[in-house]
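Trainee: In our numbering, the protein residues as written are 3 to 210.
For glycine and all other residues, C-beta sits at the position ideal for the given N, C-alpha and C.
One structure, pasted below without further comment.
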């Protein structure tokens, strides 16, 4: 990862067995130096492009495709706001299944929660029934026994329905994984300025 080249050097006391003096120092990278995209740029959508991570792609693959340089994988991660690649980068299908089976085991297909299905009332015109107003959107988490009155019925005491479906642990994990595929990347037009700013911040001023 080219990111480590951007880290500043520090002189660190040499504790190796080969050291013969307490005044012996090694030049090392300061791994504790951290940086991030400026907070005021997070909501400036004109400098970002939306990107969909494809099946099996790694950060270096994305950097190669988007910037033409695989070593800019750290730029991909930083501008996408990803701190932990293991948890925040989407898994391929095989790794996702292995992860889900490890976590859920035989309960992989058990219901995790319930959500609504879409409900609309109807309109009959010239003998043709067409959808009309949205009564209940799909995807709202509810209890298993959630009910609503059926639209277009006069007897509301008996005309109830249960527009609910169960979402399994597997479906939940797939959705969560797919949501990680949509990221925003810094446009290439702003890349060099971003790199210049990072290098300026990473450079230590001379100290006494």
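Report yes or no: do the segment 90-102 and the segment 51-69 share at least 3 C-beta pairs separated by less than 8 Å?
Mentor: Flag = yes, the segment 90-102 and the segment 51-69 touch.
Trainee: Please report the distance separating the alpha-carbon of residue 142 from that of residue 177.
Mentor: So the two alpha carbons sit approximately 14 Å from each other.
Trainee: Whole alpha helix (DSSP H) runs in the segment 40-101 with 4 or more residues, listed along the chain?
Mentor: The segment 40-101 contains these whole alpha helix (DSSP H) runs: 61-69, 75-81 and 87-90.
Trainee: Check this for me: beta carbons of residue 182 and residue 73, under 9 Å apart or not?
Mentor: Not in contact: residue 182 and residue 73 (Cβ atoms no closer than 9 Å).
Trainee: If you count every other CB in all the chains shown that lies within 10 Å of the CB of residue 17, and 16 or more means buried, which is it?
Mentor: It is exposed - the Cβ of residue 17 has fewer than 16 other Cβ atoms within 10 Å.
Trainee: Beta-carbon within less than 7 Å of residue 165's beta-carbon, same chain only, minus the 5 sequence neighbours each way: which residues are those?
Mentor: Excluding sequence neighbours, residue 165 sits near 118, 119, 121, 138 and 150.
Trainee: Answer yes or no: do residue 98 and residue 173 have a C-beta to C-beta separation smaller than 9 Å?
Mentor: Going by C-beta atoms, residue 98 is not nearer than 9 Å to residue 173.
Trainee: Helix or strand or just coil, what does DSSP make of residue 186?
Mentor: Three-state result, residue 186: strand.
Trainee: Taking just the CA atoms, how far does residue 87 sit from residue 75?
Mentor: If I take the Cα positions, the gap works out to 11 Å.
Trainee: In whole angstroms, what separates the C-alpha of residue 195 from that of residue 105?
Mentor: Rounded to the nearest angstrom, the two C-alpha atoms are 43 Å apart.
Trainee: Exposed or buried, residue 78, counting other C-beta atoms within 10 Å across all chains shown (16 or more means buried)?
Mentor: Answer is buried; the Cβ neighbour count reaches 16.
Trainee: How would you label residue 65, buried or exposed, when you count the other beta carbons within 10 angstroms and need 16 or more for buried?
Mentor: Buried, because 16 or more other Cβ atoms sit within 10 Å of the Cβ of residue 65.
Trainee: With residue 108 as the anchor, note down where its beta strand (DSSP E) starts and where it stops.
Mentor: Per DSSP, residue 108 belongs to no beta strand (DSSP E) and is neither H nor E.
Trainee: Going by alpha carbons, who is nearest to residue 80 out of 197, 205 and 206?
Mentor: It is 197.
Trainee: Is residue 163 helix, strand or coil by DSSP?
Mentor: Strand, per DSSP.
Trainee: According to the Cβ coordinates, are residue 69 and residue 186 closer than 9 Å?
Mentor: No. Outside cutoff.
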